[in-house]
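Taking it in order: structure first as structure tokens, then the write-up.
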Amino acid sequence: IVKVFEGTFERKFGHALVAGIERSPLKVTKKMDQKKIAKRSKCKPFVKFVNLRHILATRYEVDIDVKAVLKASHMAPENASQRKDAKKALRELFNKHYLTPPGENHGMKFFYEKLRF
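Right, here's the structure in full:
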């Protein structure tokens, strides 16, 4: 989201603010009722600063506008309430995109699946 190539006072290395999914949604079947589907379709986001040397470029990209929800100033140590509100807004954004019909959400299935190493 935000890249800083030179270090700052808090972080002496080049870093980036990264947002992603910590816990992916669970499997859903046709037999499940709407209440259970809604509960199993939730995901848990994470937001953290990462060293630029630890980021590996891939061919995948996600078309979710996270910059509208998340700012680097929200992640300051003294802003605990802003950090919590930012994660809530990010969770709502990810859940909204996950529940959209497959035709509109083409090519983003990988983002909501658990990584297999």
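Take the position in the sequence shown, starting the count at 1, then add 187; the result is the number in the numbering used here. Glycine included, each C-beta is placed from N, C-alpha and C at the ideal position.
Query                                                                                                                                                         : Result
In the DSSP assignment, find the unbroken beta strand (DSSP E) run with Phe298 in it and report its ends.                                                     : Looking at the DSSP string, Phe298 is not in any beta strand (DSSP E), and its letter there is neither H nor E.
Are Arg278 and Pro212 closer than 8 Å when you measure CB to CB?                                                                                              : no
With a threshold of 16 other CB atoms inside 10 Å of the CB of Phe298, please say whether the residue is buried or exposed.                                   : buried
Can you tell me the Cα-Cα spacing of Lys217 and Ser228, whole angstroms?                                                                                      : 13 Å
From His241 to His284, what does the alpha carbon distance come to, in whole angstroms?                                                                       : 27 Å
Could you check whether Gly201 and Leu243 sit closer than 8 Å to each other, using their CB atoms as the reference points?                                    : no
Leaving out five residues on either side along the sequence, give the residues of the same chain with a beta carbon under 6 Å from the beta carbon of Leu280. : Val256
Which one of Ile251, His261, Ala267, Ala263 has the shortest CA to CA distance from Ile208?                                                                   : Ile251
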